[in-house]
Amino acid sequence: MSTVNLSSFGTPPAAPLVHWHEDDGQSHVVQLYSSDEFLVDGVSRFIGTALGSGGSGLIVATPAHEAGIRARLQVNGFDLRTKALQSRCIFLDAADTLSGFMTGNSPDPDKFSILIGSRIEAARQASGSDARVAVFGEMVALLWAEGKAEAAIQLEQLWNVLAQTHAFSLRCAYPMQGFDHDQDAQSFLKICEEHSAVIPSESYTTLTSDEERLRNIGFLQQRAQALEQEKLGRKHAENSLRLREAELADLLENAPEGVQRVGSDQRISWANAALLELLGYTAEEYTGHSLAEFYVNRETFAELWRRLMAREDISNFPAELRCKNGSSKHVLIHSNGLWEEGRFVHTRCFIRDVTEQRRAEIALRESEARLRKAKQELEHIVQQRTAALRRLSAHILELQDAERRRIARELHDSLGQYLAVLKLNIEMLRQNPAGDELWKESENLMERCISEMRTLSYLLHPPMIDEAGLASAARWYIDGFGERSGTKVSLDAKEEMGRLPAQMELALFRILQEALTNAHRHAKASHVAVRIARAKDEVLLEITDNGCGMPPEVLRRFVESGSGTGVGLTGMCERVRELGGQLDVDSNGAGTSLRVRVPIPRRSRSTQVNSASLPAAD
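Residue numbering for the sequence shown follows numbering that gives the first Met the number 0, beginning at 0 and increasing consecutively.
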C-alpha cells in the first residue's frame, strides 16, 4: 500500500472537503479524536456503510468503544441480534487480540498474519467473496498508551503488508491527548506516513464551510509557529539552565568545605572532593552507604535526622564523623531538606571541619582549670600572709626598733616573693582568652597584696606611728600621696587629739591609705577632704572625694550585706569590724563619702601625749 507524504503536496487554493473515506474499497486511514463520542460516531458510519452495501465489518475495539459502536449501529437500523448481521459484523476485544500475536514488546509478523488474516477472511466469506470488508482497530492506540511507540509503528506496517494479500478497508484511531509532548512529533509523523489518509480530530472535521476551515488552518499555523518559538525559547532556557547547573555542580565539587546530598533512605547519593579528602574515603567507599555509618555517636545522627524530618533548617549542628584511618573529625553541619508535595526528596549538607578549634577549646579549658587552681593556691598563700600580718601588727609596734624592722622585713620579702609569682601568673592569664575572669580576680588579689606591703613599708621607714601619732602620720602620708598622684588632699586633724592604742592607730592609718587609693585609682577624684576627730569615747575618720562615685549596684550590695565588694572596701570593712566600729558609705554619682566611727577602749580614753615632729625617712 502506498503511503502519504504530506510535504509533497502543493498548497491548494482552498481547504478541500473531507469525505471521511467511508466508501473506500481498500485503504488504510487513521482517525484522530478528542472525544469518545466523535470516534464512535465516525466508526459507526464507516462500518455501517460497509454493512449497508452488503459487506462485512471487523471491529477490534476496547469494551467501552465496542458498546458505543453497537448502540449507534442499533440506532441507525442495524439489528446486530439477527443471525445474518452477527456473522457479518464481528467484534474482537483489542487487548486480548493484541496479546495473541505479541512476542515481548514487539508484534510477531507470522502470528499477526495468521490471526488477523483468518478473521478478515471469515468476515468476507460471511458476505460473499467479492464483498467489501471494513476493519476498525485500536490495538495500535493501546501500544502507544503503554509507551511502546516503535511497536505501534511496526503494527501499522504489518497491516500494510497484510493488505497486499487480503482485500479490506482499515481505519485506525488514536486519541489526540496521546501526542501532548514535543518529543512525540517524529513518531506522530511516522504513524501518519504509514496511512493512506488522515482524518483530523473534531476541531477541524466538524467545520462545514471552506471559510471556517481556512480560518482554522490559519489558526493552527499560527499556533504551530508560536509553539516553535516557545520551543526555541524553552531550548535556550534549558541550555542556560544546564550551563548554570554545570557551573553550580563544579562550584560545589571544588568548594573548600564539605558538601553532600543524602536521600530519603538516609543513603549518601553524592559528596564533593573536600568532604572525601577530609574523611579519607574514595567516592565508591562513601557514596551509597548509610549516613549513620559515619557518625561516631548514633544518637547525634538520630537527632539530626529527627530535626530534618520536622522540616527544620539546621545551622551549626555539632557532630563527630568517623574517618577511614580510624580517627574522627569534629564538624559543624548546615542542612535543610527538599520537599515536594509533602514528600521528603533529599537533604543538602554543608560540613565545616572544626577539629582544630575543638582541640584548642579543650586545651583552653584544661589551661583554665590549671590557672584557676594556681590562682586559688596563690590566694590561699596571700590570705595566710596578710592574716599573719594583721595579727602581728600590734605586737610589732611594741618591739624594739631593730627587732621590729627584722620581722617586718622578713614579712615584706616573703610577701614580695609571692607577689612576683602572682604577677607572672597574671601575665599568663592575660595572654590566655580562657583566663579573662581569672586574671581580673588575680589583679584584685595583687592589689590586696600590694596594700599589705605598703603597711610593711611604713613599718620599715619613719615616721613611726608610735613616735608621731595618727594625726602626724596621716599628714606625712597625705603630703607624699599628693605629690605622687597629683590629687589635691586636704586634712583636718588636731595634733592634740592624743594617742590611741597602737593596733587602732595602725588600722585607721590603713583605712586612710585604702580610701585615698580608691579615690585616686577608681573614682578618678581631683580633690579629697580628710577629717580625723576624737570625741570622749570614739574616733571619727571621714574621707570625702569629688570623683565619679560608686556604681549603684556596688553601693546596694554594700548596704544590704554590710561588706565590701572590691579589695580596698573589703579590707576597710574587715579592719573596722575588728575594732568593733561602724563604716558608712554614701555615694551619689558625683563623689563618695566614707565615715568610720571606732570606739576607744575605756583604759585608753584618758591617755594624752604631746605630738612629736616627723623625722626624716631612712
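Glycine included, every Cβ here is placed at the ideal spot set by N, Cα and C. What you are looking at is a predicted structure, and each value in this text was computed from that prediction instead of being measured.
In whole angstroms, what separates the C-alpha of residue i from that of residue j?
i, j, result
"residue 462", "residue 473", "Its pLDDT being 47, under 50, residue 462 is placed unreliably by the model, and nothing is read from it."
"residue 51", "residue 67", "19 Å"
"residue 597", "residue 355", "60 Å"
"residue 73", "residue 79", "7 Å"
"residue 348", "residue 317", "13 Å"
"residue 358", "residue 299", "20 Å"
"residue 529", "residue 594", "10 Å"
"residue 396", "residue 501", "With a pLDDT of 49 at residue 396, under the threshold of 50, the modelled position of this residue cannot be trusted; read the value that follows with caution. Computed Cα separation, rounded: 7 Å."
"residue 344", "residue 262", "6 Å"
"residue 64", "residue 56", "15 Å"
"residue 295", "residue 320", "6 Å"
"residue 237", "residue 243", "10 Å"
"residue 81", "residue 88", "10 Å"
"residue 135", "residue 335", "56 Å"
"residue 197", "residue 39", "17 Å"
"residue 310", "residue 364", "35 Å"
"residue 327", "residue 291", "14 Å"
"residue 271", "residue 139", "48 Å"
"residue 476", "residue 601", "29 Å"
"residue 210", "residue 161", "40 Å"
"residue 599", "residue 547", "33 Å"
"residue 540", "residue 376", "35 Å"
"residue 275", "residue 260", "13 Å"
"residue 93", "residue 126", "23 Å"
"residue 549", "residue 315", "42 Å"
"residue 491", "residue 575", "21 Å"
"residue 610", "residue 532", "Residue confidence is low: residue 610 scores 33 on pLDDT, short of 50, so the model does not pin down where it sits. No coordinate-derived value is stated."
"residue 159", "residue 54", "21 Å"
"residue 195", "residue 246", "50 Å"
"residue 193", "residue 150", "13 Å"
"residue 350", "residue 289", "17 Å"
"residue 91", "residue 240", "50 Å"
Could you please give the first and the last residue of the uninterrupted alpha helix (DSSP H) stretch that includes residue i?
i, result
"residue 73", "62-74"
"residue 90", "Unbroken run through residue 90 is the beta strand (DSSP E), 88-92; no alpha helix (DSSP H)."
"residue 108", "108-126"
"residue 40", "35-51"
"residue 273", "272-278"
Taking the alpha-carbon of residue i as reference, which of the options has the nearest alpha-carbon?
i, options, result
"residue 589", "526, 583, 601", "526"
"residue 24", "170, 513, 40, 324", "170"
"residue 178", "166, 200, 158", "200"
"residue 506", "340, 62, 571", "571"
"residue 137", "26, 101, 58", "58"
"residue 106", "148, 76, 88, 125", "148"
"residue 498", "510, 509, 470", "470"
"residue 32", "175, 554, 509, 164", "175"
"residue 551", "536, 133, 516, 591", "591"
"residue 257", "483, 86, 332", "332"
"residue 582", "43, 510, 504, 124", "510"
"residue 167", "133, 157, 129", "133"
"residue 553", "538, 579, 536, 585", "585"
Count the other C-beta atoms from every protein chain shown that fall within 10 angstroms of the C-beta of residue i, then say buried if there are 16 or more, exposed otherwise.
i, result
"residue 143", "buried"
"residue 372", "exposed"
"residue 281", "exposed"
"residue 338", "exposed"
"residue 264", "exposed"
"residue 47", "buried"
"residue 308", "exposed"
"residue 113", "exposed"
"residue 226", "exposed"
"residue 512", "buried"
"residue 253", "exposed"
"residue 542", "buried"
"residue 460", "With a pLDDT of 46 at residue 460, under the threshold of 50, the modelled position of that residue is not reliable, and no figure is offered here."
"residue 346", "buried"
"residue 342", "exposed"
Looking at the secondary structure, which residues open and close the beta strand (DSSP E) in which residue i lies?
i, result
"residue 645", "Residue coverage of the chain in this structure runs from 0 to 617, which leaves residue 645 outside it and unanswerable."
"residue 502", "Where residue 502 is concerned, there is no enclosing beta strand (DSSP E), although the alpha helix (DSSP H) it sits in stretches over 501-520."
"residue 591", "591-598"
"residue 265", "Per DSSP, residue 265 belongs to no beta strand (DSSP E) and is neither H nor E."
"residue 489", "487-492"
"residue 585", "581-586"
"residue 533", "526-533"
"residue 31", "27-32"
Which ranges would you report for the alpha helix (DSSP H) in the region 129-195 if only whole runs of at least 4 residues count? Entirely contained in the region 129-195, the alpha helix (DSSP H) runs reaching 4 residues are, in chain order, 138-144, 148-161, 184-192.
Extract the residue ranges of the alpha helix (DSSP H) inside the region 283-362, only unbroken runs of 4 or more that lie entirely within it. Entirely contained in the region 283-362, the alpha helix (DSSP H) runs reaching 4 residues are, in chain order, 297-308.
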